[in-house]
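Number 5 in the working numbering belongs to position 5 of the sequence shown; there are no gaps in the numbering. One structure below.
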Amino acid sequence: METVESCHAKFGVLISLQIPSIACYIGLVYHMLSSRHNLQKLRNHTAIAMLFVGFITVIMGLSMILNFLQTGTLKLGTGAYCRVWNFIDLLLYALLSILMLLTSIERHILIFHKQQILNAQRKRFYVHYIPLACIFGYLIFFLYLNRFHPSMRKSIRLQSSGLCWSICFVIDTPVLGVFDQLDHTIVPSILIFIANICLLLRALWQKHYHMRQAI
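Structure follows, in structure tokens:
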């Protein structure tokens, strides 16, 4: 149960971190976009996408939380506001999770198979750019459908305090809620761990193999 004191304490901590975070994001985005060399590197594209997603999270998602912590209620605590808040929150979190998974998989390609797979513009288009576009398109479509579709609008729930309480498709369609958690959170986290462990083991094995070849 939140108290006025705990809300104010959280507000102070979060806003003291938000301001330098915004400055860091602006600096990083400028550094990445101001250099043609950085933009041409395939390995930087998912990093740039994650920077933009993180920047929007700090600017919009965190600002909504700060507004609630400062006032103790949502000034625009309506069904529409809650749908927008839930949509932004879920979309940004899912994007970061799946973009990180894509980055972990792409490392294998960029390190071990770059010449074979990414040596032509058409291959780069299908292997690199299409997956990025599909991630954004799929998540926006899935979450938009489950937040703003007319069948979901009647299901929005608000707490008496004005806080957005529940996500309609989690309550009314539990299968979609389970799918959302598995597909956008749990499975990507497991695969990120596996992909990075495999990358480390593969790099160590190749180093060991080349050392044996040199003897």
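All residues carry an ideal CB built from backbone N, CA and C; glycine is no exception. The structure presented is a predicted model; accordingly, all values stated were derived computationally and were not measured.
### Task
Taking all protein chains shown into account, decide if Asn-86 is buried (16 or more other Cβ within 10 angstroms of its Cβ) or exposed.
Translated into positions along the sequence shown, residue 86 becomes position 86. That one is buried.
### Query
Does the count of Cβ pairs from the stretch 182-202 and the stretch 81-101 closer than 8 angstroms reach three?
Because the criterion of three Cβ pairs below 8 angstroms is met, the stretch 182-202 and the stretch 81-101 touch.
### Query
Among the residues of its own chain, which have a CB less than 6 angstroms from the CB of Leu-236, if the five just before and after it don't count?
The shown model of the chain, from 1 to 215, leaves out residue 236, and the question about it has no answer.
#### Entry: Reduced DSSP secondary structure (H/G/I, E/B, other) of His-113
Your numbering for residue 113 matches position 113 in the sequence shown. Coil, per DSSP.
### Query
Ile-22 to Ile-59, Cα distance in whole Å?
For this step, residue 22 is matched to residue 22 along the sequence shown. For this step, residue 59 is matched to residue 59 along the sequence shown. Cα to Cα, Ile-22 sits roughly 7 angstroms from Ile-59.
### Message
Judging by CA-CA distance, which residue of Leu-143, Thr-103, Arg-122 is the nearest neighbour of Arg-83?
### Response
Start at 1 with the first residue of the sequence shown, and residue 83 comes out as number 83. Residue Leu-143 is the option with its Cα nearest to Arg-83.
### Query
Just how far apart, CA to CA, sit His-45 and Thr-3?
Taking the sequence shown and counting its residues from 1, the one referred to as residue 45 is at position 45. Taking the sequence shown and counting its residues from 1, the one referred to as residue 3 is at position 3. If you take the alpha carbons of His-45 and Thr-3, they lie about 43 angstroms apart.
### Message
For Arg-36, which residues in the same chain have their Cβ closer than 6 angstroms to its Cβ, ignoring the five residues on either side in sequence?
### Response
For this step, residue 36 is matched to residue 36 along the sequence shown. Beyond the five residues adjoining it in sequence on each side, Arg-36 comes within less than 6 angstroms, by CB distance, of no other residue in the same chain.
### Message
I'd like the list of long-range same chain contacts for Ile-48, defined as Cβ closer than 6 angstroms, with 5 residues on each side in sequence excluded.
### Response
By 1-based counting over the sequence shown, the position of residue 48 is 48. When the five nearest sequence neighbours on each side are left out, the beta carbons in the same chain lying within less than 6 angstroms of the beta carbon of Ile-48 are those of Met-32, in order along the chain.
### Query
Taking contact to mean at least 3 C-beta pairs separated by less than 8 angstroms, is the stretch 202-213 in contact with the stretch 125-132?
Under the Cβ criterion (8 angstroms, minimum of three pairs), the stretch 202-213 does not count as touching the stretch 125-132.
### Message
The alpha helix (DSSP H) that contains Phe-125, what's its start and end?
### Response
Numbered from 1 along the sequence shown, position 125 holds the residue referred to as residue 125. Phe-125 -> no alpha helix (DSSP H), and no H or E assigned at all.
### Query
Hey, out of Phe-52, Cys-134, Gln-121, whose CA is closest to Cys-24's CA?
Within the sequence shown, residue 24 is the residue found at index 24, counting from 1. Per the Cα distances, Phe-52.
### Query
What are the boundary residues of the alpha helix (DSSP H) that Ser-34 is part of?
Mapped onto the sequence shown, residue 34 falls at position 34. Ser-34 -> alpha helix (DSSP H) spans 4-34.
### Query
Mind checking Gly-54: buried by the 16 CB within 10 Å criterion, or exposed?
By one-based count along the sequence shown, residue 54 stands at place 54. Counting every other CB atom within 10 Å of its CB across the protein chains shown gives Gly-54 a total of 16 or more, marking it as buried.
### Message
Between which residues of its own chain and Phe-148 is the CB-CB distance below 8 angstroms, once the five residues before and five after are set aside?
### Response
Counted from its first residue, the sequence shown places residue 148 at position 148. Non-local C-beta neighbours of Phe-148 in its own chain, meaning closer than 8 angstroms and more than five positions away in sequence, comprise Arg-83, Phe-87, ordered along the chain.
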